[in-house]
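One structure is given below, encoded as structure tokens.
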């Protein structure tokens with residue numbers, strides 16, 4: 001739209017509106033960050049003074065480290081497994097036509113629509129029945145179920161941008177189905193695969209409810225935070241909150257960059273994949 | 278060009294559910310010829326090409342390549358490269374990597390790969406773009422990459438699926454020259470699928486015209502143009518006037534056919550014996566008729582028709598007429614000739630032709 005057709009008043013009103021919306025969303029997180037650097041035991045105004053003692057306390061706490069370790073193991077494993085499953089499901093949808101396909105798609109994309117408490121309960125009931133509950137791998141299994149649909153949605157979007165004759169062209173040029181997968185489909189989907197890895201890792205990283213049900217003694221960081229809260233109100237929670245927020249945001253932003261790249265240059269995945277090894 | 282058959286379609290049919298994409302096709306494609314398969318969309322031309330490439334399996338019949346049955350040979354084991362309508366270049370690879378693809382898939386050594394790719398980049402005049410991403414090339418350059426990618430294995434046959442349809446008119450004509458020179462230089466078989474008459478007729482040695490899964494006619498362009506076999510072909514070629522009727526006399530030098538537009542003398546066609554009372558259809562090509570304001574005194578065959586409109590086609594124009602019984606007629610004339618005529622829409626003029634300019638459709 002040219003400047004000629006702009007009403008400066010509306011422009012400013014919209015800018016103000018956006019600023020307010022962001023303030024509303026990020027104020028609690030910002031407050032958490034500010035209080036994490038405050039010396040006072042209880043979050044109150046005016047601020048008592050700058051200090052990093054709470055960071056030191058968290059750093060020195062072996063329980064936090066254990067939680068972080070669990071979170072990282074879960075996050076890394078989940079992102080790989082969920083992305084592999086999601087990619088497979090998306091490719092199946094792209095490549096094959098079969099009876100009951102809408103049903104298949106609905107089932108594959110269903111898990112995120114189930115309330116987490118119900119999913120958590122169901123997971124706990126099921127996993128304890130097959131003697132898989134209360135371990136790190138219980139959280140992994142539960143998170144894969146939750147994350148795979150996100151990975152599938154991302155890969156599906158990418159595949160929908162692919163010229164359908166690309167794969168057939170690879171076969172026609174002497175590539176077997178496996179070779180075409182390796183040399184054409186996967187490279188084409190590479191930005192989406194990385195985006196899916198980051199997004200699923202971020203989802204797993206933040207996830208609380210289901211982890212709470214199935215983790216048993218192997219708590220992830222978000223579950224640990226709740227544990228702290230129940231015991232005592234400590235600014236350490238602000239520290240962990242800040243850390244989890246930064247980690248998740250980094251992953252989401254990385255994924256977003258990859259996704260934006262490909263919408264800027266559709267069907268030219270080379271641009272985005274050049275960034276990656 | 279030799280007469281040896283490289284590809285044989287022997288009673289090939291392809292069905293998708295209840296839909297017959299190709300019906301009982303017998304076709305021989307000769308070594309070194311430029312064959313165009315032409316028809317409107319859905320006529321089965323692309324399915325035919327895809328069966329040859331191994332992307333579809335025939336439901337019936339046998340396809341033989343160089344004498345060997347290839348029905349069940351997967352596409353990656355055939356050397357039948359195809360140039361796609363969308364070109365289907367790999368967007369995440371450079372020009373060089375695209376051209377190299379089939380050599381890499383076939384496990385050719387790196388040094389040899391490089392040398393063969395260089396040769397084809399050179400030949401298609403795209404060496405300077407070798408390290409560019411294909412997304413950054415123009416339409417014509419992308420065409421050349423697609424050709425180089427398909428030809429780098431030096432196959433005996435190249436399949437082309439409407440590769441020029443996305444180009445503008447000017448570039449299209451240039452690429453036609455590139456393609457037809459390339460085919461002559463390489464001496465390999467080109468099978469070119471198109472819906473465009475000008476593309477097929479300007480490049481091909483032989484043209485196959487298909488309609489609803491069947492071959493309507495096979496022949497060289499002149500043959501098809503001068504002697505269409507069926508009404509479909511005549512209509513598809515667009516410039517013919519088609520008359521259907523019954524033979525009223527078959528004993529003279531010419532055959533006399535009575536149609537709703539009148540009785541006409543029609544040249545005999547050795548491909549079709551007609552007796553009195555037989556149904557017959559004949560065509561008169563639009564560029565072989567005369568137009569006059571008054572009824573011509575000398576011509577044997579003529580109809581009066583009213584002017585519908587005039588269509589400008591470069592150096593000539595096509596006059597659309599309507600006969601007394603609603604029959605659509607066309608005449609293609611130079612602008613000089615048209616100046617003498619009254620062409621206001623609705624005006625009555627006479628269209629006439631010599632007996633030898635008419636052609637009986639043997640397939641009707």
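Protein chains in written order, with this note's numbering: chain V, 1 to 277; chain W, 278 to 641.
We treat Cβ as the ideally placed atom computed from N, Cα and C, and that holds for glycine.
Being a predicted model, the structure only gives us computed values, none of them experimental.
Tell whether a beta-carbon distance below 9 Å holds between residue i and residue j.
i	j	result
residue 629(W)	residue 537(W)	no
residue 411(W)	residue 368(W)	yes
residue 201(V)	residue 75(V)	yes
residue 36(V)	residue 55(V)	yes
residue 432(W)	residue 360(W)	no
residue 336(W)	residue 286(W)	no
residue 205(V)	residue 247(V)	yes
residue 621(W)	residue 610(W)	no
residue 147(V)	residue 114(V)	no
residue 257(V)	residue 83(V)	no
residue 543(W)	residue 632(W)	yes
residue 307(W)	residue 466(W)	yes
residue 453(W)	residue 514(W)	no
residue 237(V)	residue 228(V)	yes
residue 376(W)	residue 425(W)	yes
residue 175(V)	residue 186(V)	no
residue 124(V)	residue 141(V)	no
residue 314(W)	residue 468(W)	yes
residue 581(W)	residue 626(W)	yes
Compute the Euclidean distance between the alpha carbons of residue i and residue j, then round it to the nearest angstrom.
i	j	result
residue 343(W)	residue 284(W)	6 Å
residue 290(W)	residue 168(V)	21 Å
residue 41(V)	residue 86(V)	45 Å
residue 519(W)	residue 561(W)	7 Å
residue 500(W)	residue 352(W)	34 Å
residue 12(V)	residue 25(V)	20 Å
residue 266(V)	residue 63(V)	Confidence in residue 266(V) is poor, its pLDDT being 40 and thus under 50, which makes the residue's placement unreliable; the coordinate value appears in the next sentence. Distance between the alpha carbons of residue 266(V) and residue 63(V): 46 Å.
residue 264(V)	residue 191(V)	Confidence at residue 264(V) is low in this model, with a pLDDT of 43, below 50, so the placement of that residue should be treated as unreliable; the coordinate-derived value is given next. Rounded to whole angstroms, residue 264(V) to residue 191(V) spans 13 Å at the Cα level.
residue 180(V)	residue 381(W)	12 Å
residue 288(W)	residue 341(W)	11 Å
residue 7(V)	residue 23(V)	25 Å
residue 579(W)	residue 606(W)	12 Å
residue 273(V)	residue 379(W)	For residue 273(V), the predicted model reports a pLDDT of 36, less than 50, meaning its position is unreliable and no value from the coordinates is stated.
residue 277(V)	residue 494(W)	Residue confidence is low: residue 277(V) scores 32 on pLDDT, short of 50, so the model does not pin down where it sits. No coordinate-derived value is stated.
Specify, as a first and last residue, the run of the alpha helix (DSSP H) that residue i falls within.
i	result
residue 417(W)	416-428
residue 642(W)	This structure cannot speak to residue 642(W), because chain W is shown only from 278 to 641.
residue 409(W)	Neither: residue 409(W) is in no alpha helix (DSSP H) and is coded neither H nor E.
residue 479(W)	474-480
residue 458(W)	446-463
residue 331(W)	That residue, residue 331(W), is in no alpha helix (DSSP H); it is neither H nor E in DSSP.
If I'm right that residue i touches residue j with Cβ under 8 Å, what's the distance once you round it to whole angstroms?
i	j	result
residue 135(V)	residue 216(V)	7 Å
residue 67(V)	residue 221(V)	4 Å
residue 507(W)	residue 638(W)	6 Å
residue 583(W)	residue 598(W)	7 Å
residue 214(V)	residue 139(V)	6 Å
residue 91(V)	residue 159(V)	7 Å
residue 491(W)	residue 333(W)	With a Cβ gap of about 17 Å, residue 491(W) and residue 333(W) do not count as contacting.
residue 557(W)	residue 524(W)	5 Å
residue 527(W)	residue 504(W)	About 20 Å; that fails the 8 Å criterion.
residue 304(W)	residue 485(W)	7 Å
residue 196(V)	residue 253(V)	Incorrect: roughly 15 Å between the Cβ atoms, too far for contact.
Taking the alpha carbon of residue i as the point to measure from, which residue in the options has its own alpha carbon closest?
i	options	result
residue 438(W)	517(W), 328(W) and 534(W)	328(W)
residue 488(W)	462(W), 585(W), 297(W) and 570(W)	297(W)
residue 391(W)	530(W), 483(W), 429(W) and 562(W)	429(W)
residue 57(V)	239(V), 245(V), 209(V) and 243(V)	239(V)
residue 472(W)	434(W), 292(W), 281(W) and 317(W)	317(W)
residue 705(W)	383(W), 640(W) and 462(W)	No answer is possible for residue 705(W): it lies beyond the span of chain W, which begins at 278 and ends at 641.
residue 393(W)	282(W), 427(W), 617(W) and 494(W)	427(W)
residue 406(W)	618(W), 400(W), 480(W) and 371(W)	371(W)
residue 383(W)	170(V), 27(V) and 223(V)	170(V)
residue 463(W)	476(W), 435(W) and 479(W)	435(W)
residue 71(V)	223(V), 249(V), 27(V) and 162(V)	223(V)
residue 517(W)	338(W), 636(W) and 563(W)	563(W)
residue 311(W)	302(W), 347(W), 293(W) and 282(W)	282(W)
residue 164(V)	409(W), 531(W), 396(W) and 362(W)	362(W)
Please list the terminal residues of the continuous beta strand (DSSP E) segment that includes residue i.
i	result
residue 287(W)	282-293
residue 539(W)	539-543
residue 337(W)	337-342
residue 348(W)	Unbroken run through residue 348(W): none, as it is neither H nor E.
residue 518(W)	517-526
residue 74(V)	Run containing residue 74(V): none in the beta strand (DSSP E); it sits in the alpha helix (DSSP H), 62-95.
residue 618(W)	Neither: residue 618(W) is in no beta strand (DSSP E) and is coded neither H nor E.
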